[in-house]
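S.K.: Encoded as structure tokens, here's the structure I'll be asking about.
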Amino acid sequence: MTIRLLIVDDDPLVRAGLTLMLGGAEDIEIVGEGADGREVPELVAQLAPDVVLMDIRMPHVDGLTATERLRTRPGAPEVVVLTTFHADEQVVRALRAGAAGFVLKDTPPAEIVAAVRRVASGDPVLSPAVTRQLMSHVAGRQPQPRRAHAADRLAELAEREREVAVCVGRGHSNAEIAAALYMSVPTVKTHVSRVLAKLGLNNRTQIALLVHDAGLLEDDTI
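Quick note on the numbering used here: the sequence shown kicks off at 2 and runs consecutively.
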């Protein structure tokens, strides 16, 4: 499968570097470039990318706003945000908005290629350690109403679905969840799909953030 990729960054040198870097992968096709978030809706409509590699900081419409707008659309492509900071609150906001993950601009080329491939196949970009580091970064800043709201939302799940959601929050893969909860991998996938549908979420990272907001990971260690 060829992955159709759209690159959005206001720095032409960054776009050129990413195009050179990613264009060499046999399974990735750079279908277009954008210089600002306000161009994203039209570019996505015209080019039908599978993945958008999106800078967060842009002059007119930033990547966060562009991601929020894009991910509300049916059939929207996955979004990977680009940033220079790995513990940036804007990154967390982008993940809450539906971005599948993020990569640092100084990430080695092979890792960026791997991130695009993972997102296109439906897997999260972030490692469990990085996800937990991000969530810990904002842990002390979550208002009590957010915790209560998260807990109420998770209460909508059946017991097995809730167990799967907590495992997702811990960064476990489907195979690891299957082993921990004594179920098959297809059953785990079914539960994850049901959790996403019931909670109106886009991806596993949003499940992890919700579980974290509810305070269900506070006694865990990375």
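Even glycine gets a Cβ: it sits at the ideal position worked out from N, Cα and C. Remember, predicted model here, so these are calculated numbers, not experimental data.
Name the DSSP bridge partner or partners of T84?
M.R.: Looking at the DSSP assignment, T84 forms a beta bridge with L105.
S.K.: Between which two residues does the alpha helix (DSSP H) containing R205 stretch?
M.R.: R205 -> alpha helix (DSSP H) spans R205 to D214.
S.K.: Counting pairs of Cβ atoms below 8 Å between the segment 111-127 and the segment 71-85, do you hit three or more?
M.R.: Yes: the two stretches touch, three or more of their Cβ pairs being nearer than 8 Å.
S.K.: Buried or exposed for Q207, please, with buried defined as at least 16 other CB atoms from any protein chain shown within 10 angstroms of its CB.
M.R.: buried
S.K.: Count the C-beta pairs between the segment 57-71 and the segment 20-38 that are closer than 8 Å, then say yes if the count reaches three, no if not.
M.R.: yes
S.K.: Residues in the same chain with beta-carbon distance under 7 Å from R195, minus the five sequence neighbours each way, listed in chain order, please.
M.R.: Once the five neighbours on either side are set aside, the close Cβ partners of R195 are E162.
S.K.: How long is the line joining the alpha carbons of V53 and F103, rounded to whole angstroms?
M.R.: 11 Å
S.K.: Since V189 and V165 should fall inside the 8 Å C-beta cutoff, what is the C-beta to C-beta distance between them, to a whole number of angstroms?
M.R.: Correct: roughly 6 Å between the Cβ atoms.
S.K.: Quick one: give me the first and last residue of the beta strand (DSSP E) that E30 is part of.
M.R.: I29 to G35
S.K.: Drop a sphere of 10 angstroms on the beta-carbon of L155, count the other beta-carbons inside from all chains shown, and report buried for 16 or more, exposed for fewer.
M.R.: buried
S.K.: Give the straight-line distance between the Cα atoms of A180 and L211, rounded to the nearest whole angstrom.
M.R.: Their Cα atoms are separated by approximately 23 Å.
S.K.: Residues bridged to L7 by DSSP?
M.R.: G33 and V53
S.K.: Within the continuous alpha helix (DSSP H) that includes V62, where are the two ends?
M.R.: Unbroken run through V62: none, as it is neither H nor E.
S.K.: May I have the straight-line CA-CA distance separating D12 from L200, to the nearest angstrom?
M.R.: 37 Å
S.K.: Going by the beta-carbon positions, is the gap between L65 and R97 smaller than 7 Å?
M.R.: no
S.K.: Out of E43, Q91 and D51, point me to the one whose CA is closest to R119's CA.
M.R.: D51
S.K.: In the DSSP assignment, find the alpha helix (DSSP H) that holds P25 and state where it starts and stops.
M.R.: Just to set this straight, residue 25 is Gly in the shown sequence, not Pro. Counting along the chain, G25 falls outside any alpha helix (DSSP H), and DSSP gives it neither H nor E.
S.K.: Just the Cα atoms here: how many angstroms apart are P42 and G25?
M.R.: Rounded to whole angstroms, the separation of the alpha carbons of G25 and P42 is 26 Å.
S.K.: Taking the C-alpha atoms as reference points, what is the distance between L83 and V92?
M.R.: 9 Å
S.K.: Out of curiosity, what's the CA-to-CA distance linking L44 and A101?
M.R.: 19 Å
S.K.: Please list the terminal residues of the continuous alpha helix (DSSP H) segment that includes H192.
M.R.: Start and end: V186 to L200.
S.K.: Give me the residue from N204, A49 and D214 with the minimum Cα distance to R148.
M.R.: D214
S.K.: State the start and end residues of the unbroken alpha helix (DSSP H) segment that holds P78.
M.R.: Taken as a continuous stretch (DSSP letters only), P78 belongs to no alpha helix (DSSP H), as it is neither H nor E.
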